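Peer 1: Before anything else, here's the structure in question.
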Amino acid sequence: MHRDERGWVINPFDHLADPTAVTHCHAFSIEPGCRRGGHVHEGRDEQVAVLGGTVAIVDMETGHEEMMSPSSDRLLVIPPGVPHVFENRSGVTAVALCFSSGPDFSGDAGPRL
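Numbering (the working numbering), first residue to last: -12 to 100.
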């Protein structure tokens, strides 16, 4: 992420050895106090950038939390097989961008919260 007096810009695929390997990319919003996710990706990782608000990305097995916001200036990588949920801990709508490479979503498991 690059930030200056005008705001920020993110080029989420620049760090990848092979940007053409990205097979999934989606953006989503979470209203204040709400959650999304509650699932696991068995065959692929998921990389997350938070573009607005503050999101807790929670490992549902260990309870470990990573707090992310636009000022985090980083991508969070969720490894394959880690059950996770996204929680909006801010008072504004949160927005995140997720992408990954690997098999399709049909191997994902767990309820959608």
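C-beta atoms are modelled at their ideal positions from N, C-alpha and C, and glycine is treated no differently. Because the structure is a prediction, the values reported are computed rather than measured.
Using a 10 Å radius around the Cβ and a threshold of 16 neighbouring Cβ atoms, would you call Gly24 buried or exposed?
Peer 2: buried
Peer 1: Kindly indicate which residue of His71, Ala81, Ser77, Arg(-7) has the alpha-carbon position closest to the one of His28.
Peer 2: His71
Peer 1: Count the other CB atoms, across all protein chains shown, that sit within 10 Å of the CB of Phe15; report buried if there are 16 or more and exposed otherwise.
Peer 2: exposed
Peer 1: What's the C-alpha gap between Ser59 and Arg76?
Peer 2: 15 Å
Peer 1: Where Asp5 and Asn(-2) are concerned, what is the direct C-alpha to C-alpha distance, given to the nearest angstrom?
Peer 2: 14 Å
Peer 1: Thinking C-alpha only, which one of Val82, Ser88, Cys21, Asp1 is nearest Ile65?
Peer 2: Ser88
Peer 1: Using only CA atoms, which one of Gly68, Gly78, Asp32 lies nearest to Leu160?
Peer 2: Here the chain covers residues -12 to 100 and nothing more, so residue 160 does not appear.
Peer 1: Among all the DSSP beta bridges, which residues are the ones paired with Cys101?
Peer 2: Nothing can be reported for residue 101, as the shown portion of the chain is limited to -12 through 100.
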